[in-house]
Amino acid sequence: MQFILTEEQRLIQQTAREFADNEVAPVADRHDREGKFPLELVKKLGRMGFLGMLIPEAYGGTAAGNLCLVLALEELNRVCASTGVTVSVHNSLVSAPIVHWGSEEIKRKYLPKLSTGELLSAYALSEPGSGSDAAGLVTSAVRDGNDYVLNGTKNFITTGAEADVAIVMVRTDPSHKTRGITAFVLERDMKGYVIGKKEDKLGLRASSTVQLVFEDLRVPASQILGGEGMGFKIAMHTLDGGRIGIAAQAVGIAQACLDASIKYAEEREAFEQPIGKFQAIQWKLADMATRIEAARFLVYNAARLKDAGQPHGKEAAMAKLFASETANDAARDAVQIHGGAGYLEDFPVERHFRDARITEIYEGTSEIQRLVIARHLLKNLS
Amino acid sequence: MKIVVLVKSVPDTESKIKIAGDGTSIDGQGLKYIMNPYDEFAVEEALRIKERLKDDTTVVAVALGPDRVAEVLRTALAMGADDAIHVGDPAFEGGDAQANARVLAEVVRPLNPDLVLGGKQGIDTDSAQTCAALAEYLGMPQALIVNELTLADDHKSVTARRRVEGGDEIVVMTLPALVTAEKGLNEPRYASLPGIMKAKKKEIRKVTLADLPLKPEQVGAAGSKSKVVRYHNLPDRPPVKMITGDAGQQAKELARLLREEAKVI
Amino acid sequence: MANGILVVGEVRGGALKGITKEIVTAANALSQAGGGPVSLALLGDDAAAAANQARSLSVARVLVARHAELAQYSSQAFAAALQAALTASGARLVLFGATAMGRDLSARAAARCDASLFTDCTEISLTGGNLRVKRPVYSGKVYVELESTAAVQMASIRPNVFPPATGSGSAEVVEVEVAIDAASIRGRVKEVVRTAHGAKDLTESEIIVSGGRSLKSADNFAILKALADVLGATVGASRAAVDAGYAPHSMQVGQTGKVVNPKLYIAVGISGAIQHLVGMRTSKVIVAINKDANAPIFQKADYGIAGDLFEVVPKLTEEFRALLGAHA
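Protein chains in written order, with our numbering: chain P, 16 to 397; chain V, 8 to 272; chain F, 113 to 440.
Shown next, in the form of structure tokens:
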């Protein structure tokens with residue numbers, strides 16, 4: 016992809032790669048095994064400007080844009096998907112909607128500190144009763160004077176244990192399914208904001224995933240993003256951007272699988288030669304590499320469209336769908352290429368295998384992505 | 008203070024180096040280029056001096072080479088260098104260390120630096136000559152392969168520490184002087200994103216042969232005093248040589264082979 | 113017409129360093145190929161003290177350069193002294209050892225004398241009167257063969273490429289006049305602090321001696337430490353040894369330990385499972401010592417000893433102690 020990246024994009028990619036290889040790689044396995052959130056690393060990424068990539072310079076951000084963000088995300092995820100998802104959510108699911116829909120007051124209050132990573136963040140849409148059926152959420156927000164009082168439970172919230180700030184979608188009007196949802200910016204110190212226990216996950220084990228429970232949580236109306244009733248629109252638009260980040264994550268994980276497999280194929284001998292000499296292995300690697308390249312271009316395309324302010328919902332869904340399936344197939348093949356060794360903690364591919372799985376599920380399952388794409392194609396069926 | 012830092016664009020350490028068809032050059036296809044790792048220590052040291060002095064000290068990064076060196080200059084700017092100069096001209100191609108140092112001397116001299124910093128060697132040629140030749144042409148004292156550098160309180164001299172056989176050499180030089188950096192001199196910073204975005208707006212000054220008081224026969228391949236005969240690949244590892252005999256005989260033979268044949272002891 | 117080879121000598125504690133004797137061997141080889149007579153330059157009073165020892169080397173002349181400015185090393189003063197010695201010697205070729213001083217001085221002197229310079233050479237010969245060398249590039253991934261086209265040609269040669277000169281002679285000792293403008297010497301060595309450089313990190317070590325489960329105990333690793341000390345090496349361990357508690361994780365080489373790249377890796381009692389191999393496969397020379405002649409490690413090794421490590425390793429330590437003790 017060298018020929019279409021500018022010098023500045025290459026520099027950002029290179030810096031992310033160096034940081035990933037030098038700082039994150041040495042501790043990625045241990046963090047995964049211990050379920051330890053990479054706080055130091057995330058804060059360092061914040062100081063370097065990686066947490067403010069979608070925030071304008073006027074608010075302390077680096078305004079590097081979506082293409083630069085996915086370049087950085089691919090590099091980080093190649094080494095640690097837990098670190099990668101933290102950076103992705105912070106930029107795409109929290110900073111971006113605040114920039115787009117936040118009042119001037121909200122923007123000034125949060126963006127500078129989100130830019131540097133002084134504040135960490137989360138995005139809370141899913142609930143125990145609603146995942147794909149996002150609009151089916153029931154967490155309620157009842158108006159009381161200048162405030163709203165929130166009650167309910169959010170599920171599967173990434174970085175939920177560490178987030179200082181969360182964007183939360185709640186129901187302000189029970190009579191309208193989608194138009195009765197409103198987005199709020201909440202702070203962990205607010206009374207009634209309860210952080211549930213960390214889930215024990217198959218993968219992304221260094222990323223905390225928790226329930227957030229709101230018990231008579233009182234929040235001023237000034238914390239609303241956009242306006243009352245705009246929450247669903249904000250959530251969907253935000254997810255369009257977020258899924259580009261997840262697609263980049265998937266490409267990073269897939270690339271890690273490919274890199275590890277090539278290395279192993281050159282090293283491991285069977286029948287008196289390196290296994291990379293066998294066609295079976297060569298074809299697996301060729302297919303893996305080809306699909307990764309295709310996935311990468313889908314991600315770049317979606318990112319570019321978003322940077323140009325153009326519609327990108329279909330392209331984002333395509334990128335996420337294709338990249339996540341590529342990552343899972345790559346991980347499966349990588350473990351296979353490693354043979355028995357691939358099943359051991361000694362080698363990184365078992366972690367990639369576990370991490371890859373979630374990319375087909377969160378920020379919109381592959382099934383939802385297919386619906387989104389189909390809806391764009393079959394416009395005439397409204 | 009004015010500090011000049013020399014930076015080079017080299018193939019990255021992970022690159023597989025392939026010899027081109029005719030054997031007299033390296034195949035440049037698919038190589039990824041980075042800032043010479045030792046130069047990173049030099050840039051970092053310059054920036055640290057600038058930050059410590061908190062005055063109007065400026066750091067100028069200078070690179071000699073083809074168009075791709077602009078990227079390492081941009082990296083130096085992104086790390087915090089104030090200015091960057093790309094010394095580039097087809098006439099400069101193929102220059103040996105002294106031909107290149109000759110060109111660099113004409114660029115660096117008018118800048119009137121107090122300190123010239125560079126990496127101890129380029130990881131491509133591993134020749135470790137260019138900076139010393141530059142010091143000679145500039146009439147500066149030199150301290151090479153330095154792992155610790157201290158600026159005197161009056162900013163008029165530096166003390167450098169370098170590892171020699173059996174100990175550490177302490178070298179004292181009055182400024183202006185030239186120093187090359189060894190790994191461990193400092194911990195180079197990453198370019199920050201704001202730094203990268205700011206660097207994007209800076210202009211990199213271009214210098215060609217026409218701007219310098221040098222003739223074509225003094226620079227590049229024309230100004231060099233050697234030629235490449237051929238590149239050689241490392242020989243394939245032959246099958247293991249099993250050493251026979253009793254323990255004493257085996258030990259003796261192994262020691263001999265490691266010393267005389269493998270030449271690693 | 114300039115003709116001849118000048119060897120730049122190095123001295124420690126009043127005696128010629130071993131490297132200088134090796135360079136004299138190289139010079140004599142070039143001399144035999146038509147390079148002309150060999151002279152040896154000793155720069156500075158310290159070096160001059162070795163003049164008598166140098167006389168009995170197989171060189172034609174010993175050139176001694178003394179000057180107040182040569183009391184402490186500085187590249188500027190020594191380059192000036194070398195230039196004077198070169199002129200006095202009438203030589204066309206100059207050879208250095210690729211030592212700390214050799215590297216510093218050769219680069220400076222070559223620029224001063226407008227001579228070509230090939231550094232860190234592993235092979236050197238004469239072709240049509242010109243120096244032809246081989247030297248490593250790209251961190252040793254590839255070698256380049258170069259030929260000089262200059263009037264004066266210089267080269268620095270790696271230690272241990274040539275054996276030390278053993279021949280004898282009785283060279284004449286000549287004093288060389290050196291003029292140095294003291295005001296122009298603005299930097300010099302203030303002192304040399306003799307330190308034992310601390311134990312290197314595995315990833316930076318040039319020589320590593322690694323032990324596997326066959327060592328049977330943490331105490332037995334002392335056998336490897338003894339060998340490592342003689343070689344100036346660092347001790348590593350396989351995962352099996354670490355898991356068994358014979359060595360700490362910081363010493364582990366391999367997939368879940370450190371990846372190392374020494375010029376010599378000695379694997380003692382290590383079977384050679386792939387997890388270990390990926391940690392040391394780029395080592396320049398690999399030696400394996402293992403009781404089991406069929407251990408996979410032998411497939412990756414350059415030299416192998418199928419034997420009892422408890423017998424072989426101590427004997428190896430003795431051998432190296434004798435070998436290396438003889439050379440300063």
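The C-beta atom is built at its ideal place from N, Cα and C for all residues, glycine as well.
Subject >> Cutoff 8 Å: residue 109(V) Cβ touching any chain P Cβ >> reply: no
Original post:
What is the rounded straight-line gap between the Cα of residue 412(F) and the Cα of residue 393(F)?
Top reply: Approximately 8 Å between the Cα atoms of the pair.
Original post:
Measuring CA to CA, which of 120(P), 178(P), 87(P) and 341(P) is closest to residue 201(P)?
Top reply: 178(P)
Original post:
If you pair each beta-carbon of the segment 100 to 117 of chain V with each one of the segment 173 to 191 of chain F, do three or more pairs fall below 8 Å?
Top reply: no
Original post:
Of all the options 283(F), 195(F) and 219(F), which has the alpha carbon lying nearest to the alpha carbon of residue 166(F)?
Top reply: Among 283(F), 195(F) and 219(F), the Cα nearest to that of residue 166(F) belongs to 283(F).
**OP:** Below 9 Å between beta carbons is the criterion; list the residues of the segment 160 to 177 of chain V that meet it against any residue of chain F, in chain order.
**Re:** Under the 9 Å Cβ criterion, the segment 160 to 177 of chain V contributes 164, 165, 166, 167, 168, 169, 170, 171, 172, 173, 174, 175, 176 and 177.
**OP:** List the residues of chain V that residue 467(F) touches, going by C-beta distances under 7 Å, in chain order.
**Re:** Residue numbering for chain F in the displayed model covers 113 to 440; residue 467(F) lies beyond these limits and cannot be assessed.
Subject >> Host beta strand (DSSP E) of residue 226(F) (start-end) >> reply: Neither: residue 226(F) is in no beta strand (DSSP E) and is coded neither H nor E.
Original post:
Does DSSP put residue 350(F) in a helix, a strand or coil?
Top reply: coil
Original post:
Who are the Cβ neighbours of residue 159(V) in its own chain at under 6 Å, not counting the five residues just before and after it?
Top reply: The same chain holds no residue with a CB closer than 6 Å to that of residue 159(V) once the five nearest residues on each side in sequence are set aside.
**OP:** Could you list which residues in chain F have their beta carbon closer than 9 Å to that of residue 361(P), in chain order?
**Re:** Taking a Cβ-Cβ cut-off of 9 Å, the neighbours of residue 361(P) in chain F comprise 351, 366, 367, 368 and 387, given in sequence order.
**OP:** On a CA-only basis, which of 209(P), 338(P) and 242(P) is nearest residue 263(P)? Give me that one, please.
**Re:** If we check each option's Cα against that of residue 263(P), 338(P) comes out closest.
Original post:
Whole-angstrom Cβ separation of residue 222(P) and residue 97(P), contact assumed at under 8 Å?
Top reply: 4 Å
**OP:** Output the residue ranges of the alpha helix (DSSP H) runs that lie fully inside the segment 167 to 211 of chain P and measure 4 residues or longer, sorted by chain position.
**Re:** Fully enclosed alpha helix (DSSP H) runs of 4 or longer: not present.
**OP:** Can you pull the chain P residues whose beta carbon is under 9 Å from the beta carbon of residue 393(F), in chain order?
**Re:** 282, listed in chain order.
Subject >> Sub-8 Å separation of residue 247(F) and residue 226(F) beta-carbons >> reply: no
Original post:
Just curious, the beta strand (DSSP E) that residue 226(P) is in, first and last residue?
Top reply: 224 to 235
Original post:
Do we get a CB-CB distance below 8 Å when we pair residue 188(F) with the residues of chain V?
Top reply: With 8 Å as the cut-off, residue 188(F) counts as an interface residue toward chain V.
Original post:
Is residue 303(F) helix, strand or coil by DSSP?
Top reply: strand
Subject >> Continuous alpha helix (DSSP H) stretch holding residue 132(F): start and end >> reply: 130 to 142
**OP:** Alpha carbon to alpha carbon, how far is residue 187(V) from residue 125(V)? Give it in angstroms, no decimals.
**Re:** 5 Å
**OP:** Throw me the rounded Cβ distance for the residue 20(V) and residue 395(F) pair, which I believe falls under 8 Å.
**Re:** At roughly 16 Å, the Cβ-Cβ gap does not stay under 8 Å, so residue 20(V) and residue 395(F) are not in contact.
Original post:
Quick one: Cα of residue 308(P) to Cα of residue 104(P), how far?
Top reply: 24 Å
Subject >> Spatial neighbours of residue 140(V) in its chain, beta-carbon cut-off 6 Å, leaving aside the 5 residues before and after >> reply: Contacts found: 104, 105 and 108.
Original post:
Which residue comes first and which comes last in the alpha helix (DSSP H) that contains residue 367(P)?
Top reply: 364 to 371
**OP:** Look at residue 189(V) and residue 226(V) and say whether their C-beta atoms are less than 8 Å apart.
**Re:** no
Original post:
In chain order, what residues of the same chain lie with their CB nearer than 6 Å to the CB of residue 166(V), ignoring the 5 residues before and after it?
Top reply: 157 and 179
**OP:** Check the C-beta distance from residue 314(P) over to residue 266(P) and give it rounded, since I have them as a contact under 8 Å.
**Re:** 6 Å
Subject >> Identity of the residue in 248(P), 31(P), 42(P) and 21(P) nearest residue 220(P) by Cα >> reply: 42(P)
Original post:
Which runs of the alpha helix (DSSP H) spanning at least 4 residues fall entirely within the segment 306 to 342 of chain P, listed in chain order?
Top reply: Qualifying alpha helix (DSSP H) stretches: none in this window.
**OP:** Mind the definition here: the segment 201 to 211 of chain F touches the segment 141 to 160 of chain F only if three or more C-beta pairs lie below 8 Å; say whether that holds.
**Re:** Enough Cβ pairs lie closer than 8 Å, so yes.
**OP:** Report yes or no: is there a C-beta of chain P within less than 8 Å of the C-beta of residue 18(V)?
**Re:** no
**OP:** For residue 440(F), collect the residues of the same chain with a Cβ closer than 8 Å to its Cβ; drop the 5 residues on either side in sequence, then sort them by chain order.
**Re:** In this prediction, residue 440(F) has a pLDDT of 39, which is less than 50 and means its spatial position is unreliable; nothing more can be read from the coordinates.
Original post:
Cα-Cα, which of 204(V), 14(V) and 28(V) is closest to residue 45(V)?
Top reply: The shortest C-alpha to C-alpha distance from residue 45(V) to any of 204(V), 14(V) and 28(V) is the one to 14(V).
Original post:
Would you say residue 347(F) faces chain P, with C-beta separation under 8 Å as the test?
Top reply: no
Original post:
Hey, is residue 7(V)'s beta-carbon within less than 8 Å of any beta-carbon in chain F?
Top reply: This structure cannot speak to residue 7(V), because chain V is shown only from 8 to 272.
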